[in-house]
Amino acid sequence: MILNASNKIAVKCSECGKYNVSDFNMFNLKVNNTIRCNCNKDIVLIGFNATDIILKISCIACDNYHIYNIKRKDILEKNINIVACPDSGMEIAFFGKTPYIDDIIEKYMNDMLNLLKFIGVVEDKSKRVLK
């Protein structure tokens, strides 16, 4: 059986609100890694032990950091893993196989755009923010 260890992680920055999508290969994790947003906020710290990937994620929902221990087996076997804020239940990060991460980010972005259109913040034609 061939295992694809290449994955992506997507986290919405709690500072600027942009999605950050980064590649990671769990077999290449030899040292802890930090994912930093373009706004310079550290949004994910990735660590590991023998059985788990340890994610410390900056939460857009409550502005705290949360720690998640994810089984390496789950990352290899599941197409997508979703983690939520333990306080609000809001989904704050997605990780898994590339096409699934790309699809869920596109869906969330489209849902947000449709919500902003519905409440009148974004015009339908130009997609710009109204003042």
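Residue numbers for the sequence shown follow our numbering, so the first one is 14 and each next one is one higher. Idealized CB from N, CA, C, for every residue including glycine.
Taking the alpha helix (DSSP H) that residue i belongs to, which residues open and close that run?
{"i": "Thr64", "result": "First-last for Thr64: undefined, no H or E at that position."}
{"i": "Lys130", "result": "111 to 131"}
{"i": "Ile88", "result": "85 to 90"}
Bridge partners for residue i per DSSP, in chain order?
{"i": "Val96", "result": "Ala106"}
{"i": "Asn38", "result": "Ser19"}
{"i": "Asp55", "result": "Arg49"}
{"i": "Asn82", "result": "Ile67"}
In three-state DSSP terms, what is residue i?
{"i": "Val142", "result": "Its pLDDT being 39, under 50, Val142 is placed unreliably in this model, and the value from its coordinates should be taken loosely. Looking at Val142 - three-state DSSP - the assignment turns out to be strand."}
{"i": "Met14", "result": "With a pLDDT of only 48 at Met14, under 50, the local geometry of the prediction cannot be trusted, and the value read off the model is given with reservation. If DSSP states are grouped into helix, strand and coil, Met14 belongs with coil."}
{"i": "Asn77", "result": "coil"}
{"i": "Lys25", "result": "strand"}
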